[in-house]
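Q: Below you will find the structure I want to go over with you.
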Amino acid sequence: MKRHHVRQCGLLVTSLLVATSSAWIGCSNETAGPIVEQKTAVEHGEVIYNDSSIAGTELNTYSCATCHGETTPDGPIKMGGSLAGATKRTSYWAGQEVDLLRAVNACLYYFMLKDKAWTADDEEARALYAYLEFISQDAPGDALPFTVVTDIVDLPPGDKTRGQKAYQRACATCHGAAHTGAMRLVERAPILPEQTLSEHPLGEYTADERRLVFVEKVRYGAFISYTGQMPPFSLEHLSDDDMADILEYLDLYNVTSK
Amino acid sequence: MTWWAVAFTRALWIRALPLGVFLSGCSPSDPTVIFEYAPYEGEAFPNKRTPLTIPEGGAAFVTNSYSDTVSVLAIATGDILGTYPVGRDPVSLDGPHHIAVSPSGDAVYIGLSYPVVAAAGPHASHGSSTRSGYAQKLDGGDMHVVGQVRVDYNPGDIVLSEDGKRLVTSHFDLKLALANPTNLEAARATVAVIDPSQMFLTGSPSATRIKTCVLPHGMALSRPDGATLYVSCYGEDSVTIVDLNAGQVSKRIPLGAAAGDFGDPTYGPYSLTLSPSGALLAVGSTVSNDVRFIETSQGELNSDLTLPMLGSPYFAAFSADEKQIVVPLQSPDAVAIFDLATKTELARRDFSGDECPLPHQVARDKSGDYLLVCEGDHEGPGKLLWLNSTSLDVKRSVEVEVYPDAVTLLYKEAQ
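One line per chain: the protein sequences are D and E, in this order.
The first sequence begins at 1 in this note's numbering and counts up one residue at a time.
The second sequence begins at 1001 in this note's numbering and counts up one residue at a time.
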């Protein structure tokens, strides 16, 4: 049985600074004995689903919930889709995987940089399964459509206003605000578009190619000709129109001068 | 979401820290809460795969290199028993290339070659970016992946010794050859030797590399223990013999007097097939377009026995009595059967249209029929053809997936 220790109090702290400086900040656990609360495996699984530390590396800041869940019209785009129904599905990743555990391990390995795959005996894997089974109860078991765009072609310019919203929903979680990177989740995610443009200088790349870098990276993610930690956006999660809107918002139809 | 889940979402580092050092803003009287999680009692991640049962008459295993799948077909009926996704990467092309099945059928081995597929996009010119190949082990019972070992770039062929204890991949490393046009030693690529019992999902021991020759491709292992490895060396116009017990090349057999300088092959030996008795090696060369033979007892080329071909020969098969050989040919696409004693063509089937684009490998079924893999156009499905052993008439044709390029057969009796 796994024990998680936490002090119950109102304020949640996310700062690693606080965590790593073992500064004692006015809390003492000598005054009261610990309270033991019994939790179910499903509850444990929900914690794991939301926990980036399961990867076992500080290089990872994602949890499953960063990329998976229902996409609501105004909320962040969950490019990994909802996992409700996952335990009933018989194929994953557009048919490239047929075992749920392998489908999960792909995310742990490629995105969350976990070096050792889960086995079906690992306690965390089992608890996550309990949670997935729980959220799958009333969900259909159809395979998720997941169309990876492999042919990278230029898109006609989109709409800036729509692009701002699409950027907010699709890119800002990881890359932070455009031009500044403010609030980005991943340190290695470049500031868009400036950092990427400077890494693809004119001369080495044509203006059109510099724009296509954005399309290509969004469509391939960490795969095909790329590595890294960015997930691919399939056609189901980001249409070509949304893509073009984002390109317009980032002012990429005018990259000759940058 | 309940409060505690939120608490854990945010307190990402909790487990790494000793108790009590991590929350600010608590009042001294807040008690410590310890959560105890009940273990999951059900069966986590149950195996939902349908077991693969080898039917009477055996099964043909075909790698579909551009679909990342293996098709398994019943030889007697042509029914597709299953199409199994393989490889490591859920998005990119793993390119399962050749395939070997253990005699008992309990394990299936494939080489993952990570082919560079021409694509549009700004980084298409970086397209030659290479990824190490892998040898992957599948459970013959339901084709799930049980192990993998990294090998070198572009594994061409994969062979398993009859006793199942040695697995070898060859590395058709064109980049290495091109990068070292004047340095023979540096241009030579390796074969990788793997202990199949030591293939795990993570943490498999490294394969043993043996530097072999320029552009090693087709391979065959002596029977039963695979102590001797034969390799066709495209870039050196030779067949190289590797002593696997000693871990080194023991002999290089030039394929003829006209053997070219390395990098400029006159013959271009590509495929290799060992005869049923192990006495003869057939070597298909795609530059000179002929099949030559090596007597394994002497380790010498049989210079009297060269079969000129109309097109480029690919992976051939001997008849059971070793008197004939069936050769798939490309450009023009055909399959032909030759008598070795008289060096004559006994029958030929020319393929037109989509009958059998790009024949790649032929295997002899116990019934005497030959099974031929046709690559197709590399965009749509390819095929497996059943051919009559004397007339080469097409008895059956079954579509598989994209760019199939190898076939190997397994019989139930062996199980």
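Glycine residues also receive a C-beta, built at the ideal position from the N, C-alpha and C atoms.
How do the segment 210-223 of chain D and the segment 58-71 of chain D stand: do at least 3 beta-carbon pairs fall below 8 Å, yes or no?
A: no
Q: If you measure beta-carbon to beta-carbon, which residues of the segment 1027-1050 of chain E are closer than 8 Å to chain D?
A: S1027, P1028, S1029, D1030, P1031, T1032, V1033, I1034, F1035, E1036, Y1037, A1038, P1039, Y1040, E1041, G1042, A1044, F1045, N1047, K1048 and R1049
Q: What is the DSSP secondary structure of D:A271, reduced to helix, strand or coil?
A: Because chain D here runs from 1 to 258, residue 271 of chain D falls outside it and cannot be looked at.
Q: State the Cα-Cα distance for the pair D:P156 and E:Y1037, rounded to the nearest angstrom.
A: 53 Å
Q: With a CB to CB cut of under 6 Å and the five nearest residues on each side skipped, what residues in its chain are close to E:G1456?
A: Here chain E comprises residues numbered 1001 to 1415, so residue 1456 of chain E is not present and cannot be evaluated.
Q: Run through chain E and tell me which residues come within less than 9 Å of D:G80, C-beta to C-beta.
A: Residues of chain E passing the Cβ test: none, with the nearest at roughly 12 Å.
Q: Enumerate in chain order the residues of its own chain whose CB-to-CB distance from E:E1162 is below 6 Å, with the five nearest sequence positions on each side excluded.
A: R1223 and P1224
Q: If you draw a straight line from the alpha carbon of D:D242 to that of E:L1093, how long is it in whole angstroms?
A: Near 26 Å, if we compare the C-alpha coordinates of E:L1093 and D:D242.
Q: Using the Cα positions of D:S82 and E:C1213, report the straight-line distance between them to the nearest angstrom.
A: Roughly 50 Å between the two C-alpha positions.
Q: Smallest Cα separation from D:A148: which of D:A182, D:T57, D:D245 and D:H237?
A: Correcting the residue type first, residue 148 of chain D is Val in the shown sequence and not Ala. The shortest Cα separation from D:V148 among D:A182, D:T57, D:D245 and D:H237 belongs to D:H237.
Q: Using a Cβ-Cβ distance under 9 Å, would E:G1218 count as near chain D?
A: No - not a single Cβ of chain D is within 9 Å of the one on E:G1218.
Q: Within the continuous beta strand (DSSP E) that includes D:E194, where are the two ends?
A: Run containing D:E194: none in the beta strand (DSSP E); it sits in the alpha helix (DSSP H), E194 to E199.
Q: Note down, in chain order, each residue of its chain lying with its Cβ closer than 6 Å to the Cβ of E:L1221, except the 5 sequence neighbours on either side.
A: Closer than 6 Å at the Cβ level, and outside the excluded window around E:L1221, lie V1159, S1161 and L1229.
Q: Determine, using beta-carbon pairs with one atom in the segment 1138-1146 of chain E and one in the segment 1090-1108 of chain E, whether at least three such pairs fall under 8 Å.
A: yes
Q: Answer yes or no: does any C-beta atom of chain D fall closer than 9 Å to that of E:P1090?
A: yes
Q: Please list, in chain order, all residues of the same chain as E:C1274 whose beta carbon is under 6 Å from its beta carbon, the five residues on each side excluded.
A: Here residue 1274 of chain E is Leu; the residue named in the question, Cys, does not match the sequence. Non-local beta-carbon contacts of E:L1274 in its own chain, meaning distances under 6 Å to residues more than five positions away in sequence, involve A1220 and L1281 in chain order.
Q: In the segment 134-204 of chain D, which residue ranges form an unbroken beta strand (DSSP E) of at least 3 residues, counting only runs that do not cross its ends?
A: none
Q: Would you call D:I54 buried or exposed, if buried means 16 or more other Cβ atoms sit within 10 Å of its Cβ?
A: buried
Q: Give a yes or no on whether 9 Å exceeds the smallest Cβ distance from E:D1068 to chain D.
A: yes
Q: I'd like to check one pair, D:M79 with D:S198: are the Cβ atoms closer than 9 Å?
A: Remark: C-beta atoms of D:S198 and D:M79 do not approach each other more closely than 9 Å.
Q: Look up D:V42 in the DSSP assignment and say whether it is helix, strand or coil.
A: helix
Q: Any C-beta of chain E sitting closer than 9 Å to the C-beta of D:A189?
A: With respect to chain E, the C-beta atom of D:A189 has no partner C-beta closer than 9 Å.
Q: Sort D:L59, D:D142, D:T227 and D:V42 by Cα distance to D:M112 and report the nearest one.
A: D:L59
Q: Given that E:H1171 touches chain D, what residues does it touch there, using C-beta distances under 9 Å?
A: Ordered by position in chain D, no residue passes the 9 Å Cβ test against E:H1171, which lies about 21 Å from the chain.
Q: Closer than 8 Å, Cβ to any Cβ of chain D: which residues of the segment 1370-1382 of chain E, in chain order?
A: none
Q: Could you check what DSSP says for D:L265 in three-state terms: helix, strand or coil?
A: In the structure displayed, chain D extends from 1 to 258; residue 265 of chain D sits before or after that span and is not available.
Q: Please state the DSSP three-state secondary structure of E:S1125.
A: Note that E:S1125 has pLDDT 43, beneath the 50 cutoff, so the model's placement of it is unreliable and the number below is only indicative. In this structure, E:S1125 counts as helix in the three-state DSSP scheme.
Q: Are the beta-carbon atoms belonging to E:Y1166 and E:S1206 less than 9 Å from one another?
A: The question names Tyr, but residue 1166 of chain E is Arg in the sequence shown. It is not a contact, given that the beta carbons lie outside the stated cut-off.
Q: Using a Cβ-Cβ cut-off of less than 9 Å, give me the residues of the segment 1187-1218 of chain E that come near chain D, in sequence order.
A: Going along the segment 1187-1218 of chain E in chain order, one finds L1201, T1202 and G1203 with a Cβ nearer than 9 Å to chain D.
Q: Using the beta-carbon of each residue, which ones in chain D are nearer than 7 Å to E:P1085?
A: G95, Q96, E97 and V98
Q: Under the rule that 16 or more other beta-carbon atoms within 10 Å means buried, what is E:A1246, buried or exposed?
A: exposed
Q: If the criterion is Cβ atoms closer than 9 Å, does the pair D:L132 and D:G203 meet it?
A: no
Q: Give me the Cα-Cα distance between D:A244 and D:G158, rounded to the nearest whole angstrom.
A: 5 Å
Q: Tell me, please, which residues DSSP counts as bridged to E:E1251.
A: Per the sequence shown, the amino acid found at residue 1251 of chain E is Lys instead of Glu. In the DSSP output, where bridge partners are listed per residue, E:K1251 has E:I1241.
Q: In the segment 103-126 of chain D, which residues sit with their C-beta less than 7 Å from some C-beta in chain E, listed in chain order?
A: A106, K116, A117, A120, E123, A125 and R126
Q: Answer yes or no: do E:S1250 and E:Y1270 have a C-beta to C-beta separation smaller than 9 Å?
A: no
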